[in-house]
Amino acid sequence: MVRPSLSDLAAFSAVADHQSFRKAADVMGVSRSALSHAIIGLEAKLGVRLFNRTTRSVSLTQAGSRLLGRVNPLLQDLDQALDTLSEERGTPSGTLRINANKSGARILLADVVPRFLELYPDVELDLVSEGRLVDIVEQGFDAGIRLLEAVPKDMIAVRFGGDVRFVTVAAPSYLDGKAKPQTPDDLHQHCCIRQRLPSGKRYRWEFSRRGAEISVDVPGNLTLDDSDLLVQAAADGRGIAYVPEHFARPLVGSGRLVTVLDDWCPSMPGLALYYPRSRHVPSPLRAFIDLLREVDRSR
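Take the sequence shown: its letter number 27 is residue 13 in the working numbering, and every next letter is one higher.
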């Protein structure tokens, strides 16, 4: 039997972890065909079939499961050993992959990311901003950023950025001649700009005041899936929108938007960076967390 290379075993582990050649290839930064050929070559070297393949799924054979149980701890030990060498050299290096929502990415790009790249030039930061929640382990990310309430319970969460507040906004031109809403139920008498969630469902606006909570399936003939677009549509007089306050703040400050239902829009726990509890924390991620906490304390 020909001894497989480390890259062969890493490719095998990636396909097994993701149960998909496409996802594993994306994470590794190689083509799907190159990854497939690597696995075929590994199976030929070992003389056993490691995966059951169909047009729709990839699963481990019994031999593949046994090999994965032995290989993964070895690869993790190797990653930790290399990470230790990076620390001894005095500066983190490698790639740091973070999956963030748009709000989180915007906050990080304002102050944390520029300082991090200046302090750690040997780290390549891959910041992916998307609305949908993903399994950061399955998708090959080191960490994720979401609202604290959306962080999976088995993750370690690091809060930053303070509390967040959603606000109800409209253009003065839209409200001109209309009764300004005093309660969430009054929104049924208005044209609202609705939001489509990444799951495909429309968001029911959620309000609370003095312990009373209410959610409203608001009426409206326009639905968008991006906070910047919601703010712009509201500023153009298309109706009332419900958005994170920091998206609307510039236009509220300039007078193009005004807030309504202020006493029904309290603050809530804000953003958090999160990462797997059970995995070794690589030095680039530890450095990023330390800087994130430092910047957050100075705000």
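From the three backbone atoms N, C-alpha and C, an ideal C-beta is built for every residue, glycine too. Just so it is clear, the structure is predicted and the values come from calculations on it, not from any experiment.
### Query
Going straight from the alpha carbon of glycine 206 to that of leucine 119, what length do you get?
Answer to the nearest angstrom: the Cα atoms are 26 Å apart.
#### Entry: Per DSSP, cross-strand counterpart(s) of cysteine 178
Ile226
### Message
Between which residues of its own chain and leucine 173 is the CB-CB distance below 6 Å, once the five residues before and five after are set aside?
### Response
Within the same chain, leucine 173 has close Cβ partners Pro167, Val202 and Val204.
### Task
Find the nearest neighbour of methionine 141 within the set Leu(-5), Glu192 and Tyr261, judged by alpha-carbon distance.
Tyr261
### Spatial distance of glutamine 181 from arginine 56 (CA atoms)
47 Å
### Message
Could you tell me the alpha carbon to alpha carbon distance between serine 17 and valine 44, rounded to whole angstroms?
### Response
Roughly 17 Å separates the two Cα atoms.
### Query
On the three-pair Cβ rule with 8 Å, is the segment 114 to 134 touching the segment 16 to 33?
They do not touch, by the three-pair rule.
### Task
Answer yes or no: do leucine 271 and glycine 90 have a C-beta to C-beta separation smaller than 8 Å?
no
### Test item: CB-CB of alanine 234 and valine 217 under 8 Å
yes
### Message
I'd like the list of long-range same chain contacts for leucine 210, defined as Cβ closer than 8 Å, with 5 residues on each side in sequence excluded.
### Response
Ile179, Arg180, Gln181, Arg182, Leu216 and Ala219
### Task
Let me know the alpha helix (DSSP H) ranges lying completely inside the segment 18 to 97, each 4 residues or longer, listed in chain order.
Those alpha helix (DSSP H) runs which fall completely within the segment 18 to 97 and span 4+ residues are 18 to 32, 48 to 75 and 88 to 93.
### Query
Do you know how far the Cα of phenylalanine 102 is from the Cα of threonine 303?
Given a span of -13 to 285 for the chain in the structure shown, any question on residue 303 remains unanswerable.
#### Entry: glycine 130 in three-state terms, based on DSSP
DSSP, read as helix, strand or coil, puts glycine 130 in strand.
### N-terminal and C-terminal residue of the alpha helix (DSSP H) that aspartate 276 is part of
269 to 284
### Neighbour-count burial assignment, aspartate 121, 16 or more Cβ in a 10 Å radius
exposed
### Query
Excluding sequence positions up to five away, which residues of its chain have a Cβ less than 6 Å from the Cβ of arginine 8?
Result list for arginine 8: Arg18, in chain order.
### Query
Near threonine 47, which residues of its chain fall below 7 Å by C-beta distance, leaving aside the five closest residues on each side in sequence?
Arg35, Leu36, Phe37 and Asn38
### Query
So, using beta-carbon positions, are valine 144 and isoleucine 275 closer together than 8 Å?
yes
### Query
Around the Cβ of aspartate 128, are there at least 16 other Cβ atoms within 10 angstroms (buried) or fewer (exposed)?
buried
### Query
Alpha carbon to alpha carbon, what distance is there between leucine 277 and serine -1?
32 Å
### Task
Taking 8 Å as the cut-off, decide whether the C-beta atoms of isoleucine 84 and glycine 33 are in contact.
no
### Message
Beta-carbon within less than 6 Å of valine -5's beta-carbon, same chain only, minus the 5 sequence neighbours each way: which residues are those?
### Response
It is worth fixing the name first, because residue -5 is leucine in this sequence and not valine. Hits under 6 Å: Val57.
### Task
Count the other C-beta atoms from every protein chain shown that fall within 10 angstroms of the C-beta of arginine 224, then say buried if there are 16 or more, exposed otherwise.
buried
### Query
Taking the alpha-carbon positions, what's the alanine 30 to glycine 50 distance?
13 Å
### Query
Secondary structure at leucine 243, three-state DSSP: helix, strand or coil?
coil
### Query
With respect to 7 Å, is the separation between the Cβ of glycine 33 and the closest non-hydrogen atom of the ligand HEM below this value?
This structure simply doesn't include the ligand HEM, nor any ligand for that matter.
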